[in-house]
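First up is the structure itself, then whatever we jot down about it.
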Amino acid sequence: MTALQKDRGPGSPVAARPAAPPEPPARGRAPRRQGTRRYWWFTPWLYLLAPLVLLVTFTYLPIADMLGYSLTDWDGVSPTSENVGAENYADLFTRPELFKVFLVSGVYLVASFVQIAGALYFATVLSFNTRFRNLFKGILFFPYLINGVAIGFVFLYFFQPGGTLDSVLRLFGADGQQLWLGDPDLVNKSLAGVSVWRFMGLNMVLFLGAIQSIPPHLYEAASLDGANSWQQFRHIIAPSIKPIISLSVILAISGSLAVFEIPYIMTGGANGSETFVIQTVKLAFKFDKVGLASASAVVLLVLILIVTWIQRRLVPEERVELS
Amino acid sequence: MTTTATPNTRTPRRAPAPRAALAGTAKYLSLVLASAVVVVPLIVILFTSLKTGREVGDTGPLTLPDNWFNLDNYVNAFQQGNMLQAFLNTTIILVVSTAGTVLIGSMTAYAIDRFEFRMKKLIVGLFLVATLVPGVTTQVATFQIVNDLGAFNTRWAPILLYLGTDIVSIYVFLQFIRSIPVSLDEAARLDGANSFTIYWRIILPMLKPAIATVVIVKGITVYNDFYIPFLYMPASDLGTISTSLFRFKGPFGAHWETISAGTILVILPTFIVFLALQRFIYSGFSAGSTK
Chain A
-19 MTALQKDRGP GSPVAARPAA PPEPPARGRA PRRQGTRRYW WFTPWLYLLA
31 PLVLLVTFTY LPIADMLGYS LTDWDGVSPT SENVGAENYA DLFTRPELFK
81 VFLVSGVYLV ASFVQIAGAL YFATVLSFNT RFRNLFKGIL FFPYLINGVA
131 IGFVFLYFFQ PGGTLDSVLR LFGADGQQLW LGDPDLVNKS LAGVSVWRFM
181 GLNMVLFLGA IQSIPPHLYE AASLDGANSW QQFRHIIAPS IKPIISLSVI
231 LAISGSLAVF EIPYIMTGGA NGSETFVIQT VKLAFKFDKV GLASASAVVL
281 LVLILIVTWI QRRLVPEERV ELS
Chain B
183 MTTTATPNTR TPRRAPAPRA ALAGTAKYLS LVLASAVVVV PLIVILFTSL
233 KTGREVGDTG PLTLPDNWFN LDNYVNAFQQ GNMLQAFLNT TIILVVSTAG
283 TVLIGSMTAY AIDRFEFRMK KLIVGLFLVA TLVPGVTTQV ATFQIVNDLG
333 AFNTRWAPIL LYLGTDIVSI YVFLQFIRSI PVSLDEAARL DGANSFTIYW
383 RIILPMLKPA IATVVIVKGI TVYNDFYIPF LYMPASDLGT ISTSLFRFKG
433 PFGAHWETIS AGTILVILPT FIVFLALQRF IYSGFSAGST K
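Protein chains in written order, with the working numbering: chain A, -19 to 303; chain B, 183 to 473.
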């Protein structure tokens, strides 16, 4: 009995693993039948039951529902709704006031490139010998852990007329108060600045992890060849962490499409700071236009999927081993 | 931004010391400047939280508080802001959903990695594709489902959503479970253990590092989440840390000393946890967010 059991192994996924005991290939051919004595066919399903129910209920069902709602004029409450075909989509793309939220995304997108550049710079600096390295790393990363509402309040105070920012600027001789959150030309830049403040540390830590996985002898060889730190960055660091940089760029793009929390908390979308998600939430839960909001969410989802697809095409699946 | 990059030092060996010193100074200058950008807004809030209402009106934001031990605002924020209730609600949601995430994530990883079954590829694909769908995009429809389940305005709404939409933790577990030798399972099987015993007595204890990662990442995410409790639990006695703090906007209006105190109250636990668990937090987030 024991010998038989040993031969069977817990099924074929094992066979592919190097750690697995060598199994005759002929045996691995018919894994399903083999496994039956080991465990009932439904055993794995017992473990998968709860996760699958949750997955379908909270991911796939909503997508399907949303596609359905997007073709109706449902208000979210009434038992009936008209089928309006593609009217919601036509609305979205033809009414400029609904479409202009994408301009706001543009500001966040630019900011996220600033964020990635900054993170790259600080990650590089901190991966070389630097005093108080861990302190600086900690300080720069900490904002990422702070509660979004708390950050919202911190920066509401920071941007107040005569508030922290104005006071600091006055210390440096700049005079005149700016309506950092009241001026439609400035508000999105101020808010995007908060995003950079909040998320740069995360990018930095990810880059740092990637940089640290570069074998140190590469640097040694490079410095023997007389490469300076810029050349080391250019020819060793940048190529080695390319996958994670490209991933960050993709996350930056989909992230700038999905901005919600900070502008909603700080301005509620006033003064031209409304983002795509704020608009969708307002359409759905304030103006009871679930149909239109769904169409809008479908558009967002499709955009994000396209971005992700492009990334997969441009950067072949490469495993970045961190930490 | 790239002040220390010094692309013009062609031959570093000959590079004179002053230039290196200059680069060093620029490097530290940039680090100190960036740290100041991070710290100043937070410090100012701390100052404000220690001032009296009159002080806030009379002095600039950069002025130090008169009395460093003026904790009135904290008492006020804690009591009138219903922060006790908020911490309680958040704790309940946090504990249940973190424990659930660990169980569900590890079970899924166990089933996918250790068993061979029909439609396995499809199941893996379903989990994979779900990572591409940001939760915020499907919220309109998810709301209707939560509503139909009768979970709206109960603590179950966020718990279910945190459990149901966390694919990242499944990945963390999957990554990790691959590195646990199957021979351990087999040895246990020879001793007559069934699959659940193997999962519970062998796999789960071996997954400890992955569990630590998931608990930290999930814990911080749940503690900080605003969107889900805001949308699904508007009842005032169901306020979480985030939504209760958000409500400060109304009653305390321009009372920045109280709002600041509430803000510091919310940040403080995060800060303490960060100081205590720094190392794990860094690796947790780099393991969690790249998948």
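Note that beta-carbon positions come from the ideal geometry of N, C-alpha and C, so glycine has one too.
Less than 8 Å between C-beta atoms, sequence neighbours within five positions excluded: which residues of the same chain meet that for Ser465(B)? What you label residue 465(B) is simply residue 283 of the second sequence in a count that begins at 1. Cβ neighbours of Ser465(B) beyond the five flanking positions: Thr395.
Going by DSSP in three states, Thr52(A) sits in which element: helix, strand or coil? To locate residue 52(A), count along the first sequence from 1; it is residue 72. Here Thr52(A) sits in strand by DSSP.
Buried or exposed (CB count within 10 angstroms, at least 16 for buried), Trp160(A): On the first sequence, residue 160(A) is found 180 positions in, with the first residue counted as 1. The residue in question, Trp160(A), is buried, as its Cβ has 16 or more Cβ neighbours within 10 Å.
Distance check for Ser170(A) and Gly128(A), CA to CA, integer angstroms please. Sequence index remark: in the first sequence, residue 128(A) carries index 148 (1-based). Sequence index remark: in the first sequence, residue 170(A) carries index 190 (1-based). Gly128(A) and Ser170(A): Cα-Cα distance of roughly 16 Å.
Looking at chain A, which residues of the stretch 424 to 435 of chain B have a Cβ within less than 7 Å of any of its Cβ atoms? Ser424, Leu427, Phe428
Just the Cα atoms here: how many angstroms apart are Asp205(A) and His197(A)? Walking along the first sequence from the start, residue 205(A) turns up at place 225. Walking along the first sequence from the start, residue 197(A) turns up at place 217. Looking at the two C-alpha atoms, the distance is approximately 12 Å.
For Phe152(A), is the classification buried or exposed, using 16 other Cβ atoms within 10 angstroms of its Cβ as the cut-off for buried? Here residue 152(A) refers to the residue found at position 172 of the first sequence. Under this definition Phe152(A) is an exposed residue.
Suppose you measure from the CA of Phe428(B) to the CA of Thr445(B); what does that come to, to the nearest Å? Residue mapping note: residue 428(B) aligns to position 246 of the second sequence, counting from 1. Residue mapping note: residue 445(B) aligns to position 263 of the second sequence, counting from 1. Rounded to the nearest whole angstrom, the C-alpha separation of Phe428(B) and Thr445(B) is 10 Å.
Suppose the cutoff is 8 Å on Cβ atoms and the five residues either side in sequence are ignored; what does the same chain contact list for Ser175(A) look like? Translated into the one-based positions of the first sequence, residue 175(A) becomes position 195. Within the same chain, Ser175(A) has close Cβ partners Tyr88, Ala91, Ser92, Gln95, Val239, Ile242.
Straight-line gap, Ser468(B) to Ile230(A) (C-alpha atoms, nearest Å): Against the second sequence, residue 468(B) aligns to sequence position 286. Against the first sequence, residue 230(A) aligns to sequence position 250. Near 16 Å, if we compare the C-alpha coordinates of Ile230(A) and Ser468(B).
Using a Cβ-Cβ cut-off of less than 8 Å, list which residues of the stretch 207 to 221 of chain B approach chain A; keep chain order. Lys209, Tyr210, Ser212, Leu213, Ala216, Ser217, Val219, Val220, Val221
Straight-line Cα distance separating Val220(B) from Gly142(A): For this step, residue 142(A) is matched to residue 162 along the first sequence. For this step, residue 220(B) is matched to residue 38 along the second sequence. Spanning the two alpha carbons is a distance of roughly 19 Å.
Measuring CA to CA, which of Phe139(A), Leu285(A), Leu145(A), Gly181(A) is closest to Leu100(A)? For this step, residue 100(A) is matched to residue 120 along the first sequence. For Leu100(A), the closest of Phe139(A), Leu285(A), Leu145(A), Gly181(A) by C-alpha to C-alpha distance is Gly181(A).
With C-beta atoms as the reference, is Phe456(B) less than 8 Å away from Phe187(A)? Looking up residue 456(B) in the second sequence gives position 274. Looking up residue 187(A) in the first sequence gives position 207. In this structure, Phe456(B) keeps its C-beta atom at 8 Å or more from the C-beta atom of Phe187(A).
Given that a residue counts as buried once 16 or more other Cβ atoms are within 10 Å of its Cβ, and exposed if not, what is Leu227(A)? As a first step, residue 227(A) must be located in the first sequence, where it is residue number 247. Flag for Leu227(A) reads buried.
Return no unless some Cβ of chain B is closer than 8 Å to the Cβ of Asp155(A). Walking along the first sequence from the start, residue 155(A) turns up at place 175. Not closer than 8 Å to any Cβ of chain B, the Cβ of Asp155(A) fails to qualify, so no.
Taking the alpha helix (DSSP H) that His215(A) falls in, what are its first and last residues? Start at 1 with the first residue of the first sequence, and residue 215(A) comes out as number 235. Note, His215(A): premise wrong, no alpha helix (DSSP H); not H, not E.
Please classify Gly15(A): does DSSP put it in a helix, a strand, or coil? Start at 1 with the first residue of the first sequence, and residue 15(A) comes out as number 35. Reliability of the predicted coordinates at Gly15(A) is poor, the pLDDT of 42 falling under 50, and no value is obtained from them.
Would you mind telling me which residues of chain B sit closer than 8 Å to Asn127(A), beta carbon to beta carbon, in chain order? Looking up residue 127(A) in the first sequence gives position 147. Correct list: Tyr405, Asn406, Phe408, Ile423, Ser424, Leu427, Val448, Ile449, Thr452.
Cα separation between Gln321(B) and Pro59(A)? Start at 1 with the first residue of the second sequence, and residue 321(B) comes out as number 139. Start at 1 with the first residue of the first sequence, and residue 59(A) comes out as number 79. Each residue's Cα considered, the two are about 20 Å apart.
Measuring only between beta-carbons, confirm whether Pro223(B) sits less than 8 Å from chain A. Here residue 223(B) refers to the residue found at position 41 when the second sequence is read from its first residue. Yes, contact with chain A.
Distance between Ser147(A) and Val284(B) (C-alpha atoms, nearest Å): Sequence index remark: in the second sequence, residue 284(B) carries index 102 (1-based). Sequence index remark: in the first sequence, residue 147(A) carries index 167 (1-based). Whole-angstrom Cα-Cα distance: 47 Å.
CB contact below 8 Å: Ala21(A) versus chain B: Mapped onto the first sequence, residue 21(A) falls at position 41. Checking the sequence shown, residue 21(A) turns out to be Trp, not Ala. For Trp21(A), the answer is yes, since a Cβ of chain B falls inside 8 Å of its Cβ.
Compare the C-beta of Ala369(B) with all C-beta atoms of chain A and state if any pair is closer than 8 Å. As a first step, residue 369(B) must be located in the second sequence, where it is residue number 187. So no, Ala369(B) is outside the interface.
Looking only at DSSP bridge pairs, what is Asn63(A) linked to? For this step, residue 63(A) is matched to residue 83 along the first sequence. Note: Asn63(A) sits in a beta bridge opposite Thr52(A).
According to a CB-to-CB cut-off of less than 9 Å, which residues of the stretch 258 to 276 of chain A neighbour chain B? Thr260, Val261, Leu263, Ala264, Phe265, Val270, Ala273, Ser274, Ser276
Which residues, in chain order, does the stretch 269 to 282 of chain B contribute to contact with chain C at a C-beta distance below 8 Å? No chain C appears in the structure shown, which is made up of the protein chains A and B.
Taking the alpha-carbon positions, what's the Thr234(B) to Gly435(B) distance? Working through the second sequence from its first residue, we reach residue 234(B) at position 52. Working through the second sequence from its first residue, we reach residue 435(B) at position 253. One C-alpha to the other measures close to 15 Å.
Starting from Trp25(A), follow the alpha helix (DSSP H) in both directions and report where the run begins and ends. Here residue 25(A) is taken as the residue at index 45 of the first sequence, counted from 1. 23 to 35 is the extent of the alpha helix (DSSP H) around Trp25(A).
Can the beta-carbon of Ala273(A) be found closer than 8 Å to that of Ile224(A)? Residue mapping note: residue 273(A) aligns to position 293 of the first sequence, counting from 1. Residue mapping note: residue 224(A) aligns to position 244 of the first sequence, counting from 1. No, these two residues do not count as a Cβ contact at 8 Å.
C-beta neighbour in chain A for Tyr353(B), strict 8 Å: Walking along the second sequence from the start, residue 353(B) turns up at place 171. Taking Cβ atoms only, chain A never reaches closer than 8 Å to Tyr353(B), which makes this a no.
Do you know offhand how far Val84(A)'s Cα is from Ile245(A)'s? By one-based count along the first sequence, residue 84(A) stands at place 104. By one-based count along the first sequence, residue 245(A) stands at place 265. Going by the C-alpha atoms only, they are around 16 Å apart.
Residue of Glu254(A), Thr247(A), Gly235(A), Leu145(A) minimising C-alpha distance to Thr288(A): In the first sequence, residue 288(A) corresponds to position 308, counting from 1. For Thr288(A), the nearest C-alpha among the options comes from Gly235(A).
Using CA atoms only, rank isn't needed, just tell me which of Ser61(A), Phe82(A), Leu47(A) is closest to Leu237(A). Sequence index remark: in the first sequence, residue 237(A) carries index 257 (1-based). If we check each option's Cα against that of Leu237(A), Phe82(A) comes out closest.
Sequence ranges, alpha helix (DSSP H) only - wholly within the stretch 288 to 335 of chain B, length at least 4: 302 to 313, 321 to 330
Between the alpha carbons of Leu215(B) and Phe116(A), how many angstroms are there, rounded? As a working mapping, residue 215(B) is identified with position 33 in the second sequence. As a working mapping, residue 116(A) is identified with position 136 in the first sequence. Their backbone Cα atoms lie some 11 Å apart in a straight line.
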